[in-house]
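**Student:** In the numbering used here, the protein residues as written are 7 to 516.
All C-beta atoms, glycine included, are put in the ideal place defined by N, C-alpha and C.
Note that this is a predicted model, so its numbers are computed, not measured.
Below is a structure I'd like to ask you about.
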Amino acid sequence: MMKKIIAAFCISAFALPMATAYAKDDAKDDAKTKQNLQSTRQYYAQLIAGTPGAQVRLAELNMLMTMLPKGGDIHHHYTGSVYAETYLDWIGQQGFCVYRESDLANKQEKFRIETRKAYITETNKTCLMADAIRKDNAFYRELISTWSVVDFDNHVHPQVAPDQHFFNTFGYFSPISKYSTNQGLTILKQQAKAENQQYLETMLKSAPITDHPEFSAKIDALQANSSKAEMLEAFGKLADFLAQDAGAQKKIADYVQETINDAAGIDDADFTLRIQTYVSRNSAPSKVFSSLFAAFAASQNNPLIVGVNIVGAEHALVAVRDYNLHMQMFAFLKQRFPKVRLSLHAGELVLGIVPPEHLQHHMRSAIQIAGAERIGHGVDIMHETNPDQLLAELKKRNVAVEINLTSNDFILGLKQQAHPVAMYLRHETPIVISSDDAGVSRSNLSREYFLFASRYTPSYDTLKKTVYNSIRYSFLSPSDKVIQLRQLDQRFVKFEAAAAKLALSAKSKF
Ligand SMILES: [Zn+2]
């Protein structure tokens, strides 16, 4: 007994000075961390202010934005993020070929992938294998610039409108884009990690469609001026059928399993992947509804498939015609699957691309009717009805806007200060910086932060808050968010130590 008392005394006698030593070390670390933060603030402020008589120190800012912890990329399309060079590698692995000339009588089109074995023969000289494409420099460059936006603006060439060029790219690489999703996600993860990114929420594959001759036709017969009751009746019939049809349920279960397989092995200690499922807004109404039903069913209670989205050119004929109908579909399904989280592409429009009346309500309807928690793009807010009220409502409802600067510049011609991002910041609307389709845009997430910082010169604290938003407004579970935020704290401590060092070494005159 005595021994125990002595031992306890000894431990507590030593514990006090030890604890004091640790506390001193902690205080020292704390002071150093604060000093690094202050140095980073000052250095960043110098870079965005430029030197007297000179402009923003672009190259140094670019480097700092590469090093910056990015948190997550939460507006990200898988197929548009893989670079064309990777797709060409996969064409080689699959033994497919690509046409170098058009022969429309035989349904062969230049730059299209041939996947039918019967056509991939020695005698088919107009269809090149991957190795042959790489050896033909002129065709190789033409191909990459057709499957992406590279070189679009830097030389004179026959061209379609930028938005059409952008959306056309998906049609070219779609036959190969699903070849090895797990491999593609691995490549995207490596790219993300190289940019100090820890989380990815990607739109991976559209949800499956099941038709019903009678109930699908009822939805397709709905008009823009159909009453809400008519819509709900038509939706209800197809939804009830899909909920009990074994074939439809199997498709949904297979889709979920496929997604789980695609994502297998991607998560590690430094990287987390979550999936959004989506529907295409330019399909027939019944197909949109059926796919949307599957998307909601797949996402409900699924820790991997964390949200639902709607994609495709928002200014295309069908998307514009059916916009209200789509919003009513979301509202209907949100009641059936209340836990499902929504981020909707809305307001990816500029004046002139559609008649003015279509600029007046897309964002508002996405929030008020569909119940979107996040808005993708949201660049037409200036043209919405009562835009000042909508701006206030975004803040009040805590709806985050996903900002995609490169994409908006290319597709919509929305440049520099014409983009509403600075307005959002001034009005304290939560924003996140995201990449959209970095493969097609030939961009990356660092580039998006670089554009954000160089064009709109947010303070360092605002920049940092924007990074944190990418986790805070993600569809991660609350407990996962805590883990990711803690990791982000650690990454910023490291980053600010490196930035402080960089600031010191950048002092020499030249
Ligand atoms: Zn998008």
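Do Gln282 and Val312 have their C-beta atoms within less than 8 Å of each other?
**Tutor:** Yes; because the gap between Cβ atoms is below 8 Å, this pair is in contact.
**Student:** Helix, strand or coil for Ser485 per DSSP?
**Tutor:** helix
**Student:** Where in the stretch 264–305 do unbroken runs of the beta strand (DSSP E), each at least 3 residues long, occur, reported from the N-terminal end onward?
**Tutor:** You should have 278–286.
**Student:** Who are the Cβ neighbours of Leu400 in its own chain at under 6 Å, not counting the five residues just before and after it?
**Tutor:** Thr435
**Student:** Report whether the distance from the Cβ of Asp442 to the nearest heavy atom of ligand 1 is below 7 Å.
**Tutor:** yes
**Student:** Are the CB atoms of Ser289 and Asn315 nearer to each other than 8 Å?
**Tutor:** no
**Student:** Where does Arg448 land, buried or exposed, given buried means 16+ other C-beta within 10 angstroms?
**Tutor:** buried
**Student:** Would DSSP call Val312 helix, strand or coil?
**Tutor:** strand
**Student:** Tell me, please, whether the stretch 90–102 touches the stretch 203–211 by the rule of three or more beta-carbon pairs shorter than 8 Å.
**Tutor:** The stretch 90–102 is not in contact with the stretch 203–211.
**Student:** If you measure from the CB of Val360, is any heavy atom of ligand 1 nearer than 7 Å?
**Tutor:** When distances are taken from the beta-carbon of Val360 to the heavy atoms of ligand 1, even the shortest one reaches 7 Å or more.
**Student:** Relative to the alpha-carbon of Asp273, which residue among Thr39, Lys113, Gln490 has its alpha-carbon at the smallest distance?
**Tutor:** Gln490
**Student:** Between Val285 and the rest of its own chain, which residues show a CB-CB distance below 7 Å, the 5 nearest in sequence each way excluded?
**Tutor:** Within the same chain, Val285 has close Cβ partners Ser212, Ala213, Val294, Ser297, Leu298, Ala301, Ile316.
**Student:** Among the candidates Val488, Leu355, His83, Ile139, whose CA atom is the shortest distance from the CA of Ala322?
**Tutor:** Leu355
**Student:** Taking its Cβ as the centre, do 16 or more other Cβ atoms sit within 10 Å of Pro75, making it buried, or is it exposed?
**Tutor:** Classification of Pro75: buried, given that the 10 Å Cβ count is 16 or more.
**Student:** Whose C-beta lies closer than 8 Å to the C-beta of Lys10 among residues of the same chain, with five residues either side of it excluded?
**Tutor:** Below a pLDDT of 50, predicted positions are generally treated as unreliable, and Lys10, at 44, falls in that range; the measurement from the model is reported next regardless. Around Lys10: no qualifying Cβ.
**Student:** Taking the straight line between their C-alpha atoms, what separation do you get for Pro393 and Asp386?
**Tutor:** Using only the alpha carbons, I get a separation of about 9 Å.
**Student:** For His332, is the beta carbon positioned less than 7 Å from some heavy atom of ligand 1?
**Tutor:** His332 Cβ: outside cutoff for every heavy atom of ligand 1.
**Student:** Return the CA-CA distance between Gly353 and Ile437, expressed in angstroms with no decimal places.
**Tutor:** 15 Å
**Student:** With a threshold of 16 other CB atoms inside 10 Å of the CB of Ala304, please say whether the residue is buried or exposed.
**Tutor:** buried
**Student:** Helix, strand or coil: how does DSSP classify Tyr185 here?
**Tutor:** coil
**Student:** Could you check which residue in Leu279, Ala111, Tyr146 has the C-alpha nearest to that of Leu191?
**Tutor:** Leu279
**Student:** Output yes or no for whether 8 Å exceeds the beta carbon distance between Val62 and Ser460.
**Tutor:** yes
**Student:** Distance, Cα to Cα, Ile573 vs Gln99?
**Tutor:** Within the shown structure, residues of the chain are numbered from 7 to 516, placing residue 573 beyond reach of any answer.
**Student:** Should Val317 be listed as close to ligand 3, given that the test is whether its C-beta is under 7 Å from any heavy atom?
**Tutor:** As far as ligands go, the structure on display features ligand 1 and does not contain ligand 3.
**Student:** State the DSSP-derived secondary structure class of Leu420, mapped to helix, strand or coil.
**Tutor:** coil
**Student:** Once DSSP output is grouped into helix, strand and coil, what is the label at Gly78?
**Tutor:** Strand, per DSSP.
**Student:** Specify, as a first and last residue, the run of the beta strand (DSSP E) that Glu107 falls within.
**Tutor:** Element bounds for Glu107: n/a, residue is neither H nor E.
**Student:** Any heavy atom of ligand 1 within a distance shorter than 7 Å of the CB on Gly382?
**Tutor:** Checking every heavy atom of ligand 1 against the Cβ of Gly382, one is found closer than 7 Å.
**Student:** Bridge partners for Asp442 per DSSP, in chain order?
**Tutor:** His82
**Student:** To the nearest angstrom, report how far apart Ala124 and Lys184 are at their CA atoms.
**Tutor:** Rounded to whole angstroms, the gap between the alpha carbons of Ala124 and Lys184 is 21 Å.
**Student:** Expressed to the nearest angstrom, what Euclidean distance is found between the alpha-carbon atoms of Gly77 and Gln203?
**Tutor:** 5 Å
**Student:** For Glu201, does the count of other Cβ atoms within 10 angstroms reach 16, so buried, or fall short, so exposed?
**Tutor:** buried
**Student:** Got a sec, what are the start and stop residues for the beta strand (DSSP E) Leu210 sits in?
**Tutor:** 203–212
**Student:** Please confirm whether Ser452 and Met71 have their CB atoms less than 8 Å apart.
**Tutor:** yes
**Student:** Excluding sequence positions up to five away, which residues of its chain have a Cβ less than 7 Å from the Cβ of Ala406?
**Tutor:** Arg380, Pro436, Ile437, Val438, Asn475, Tyr479
**Student:** Looking at His81: is its Cβ nearer than 8 Å to the Cβ of Asn450?
**Tutor:** no
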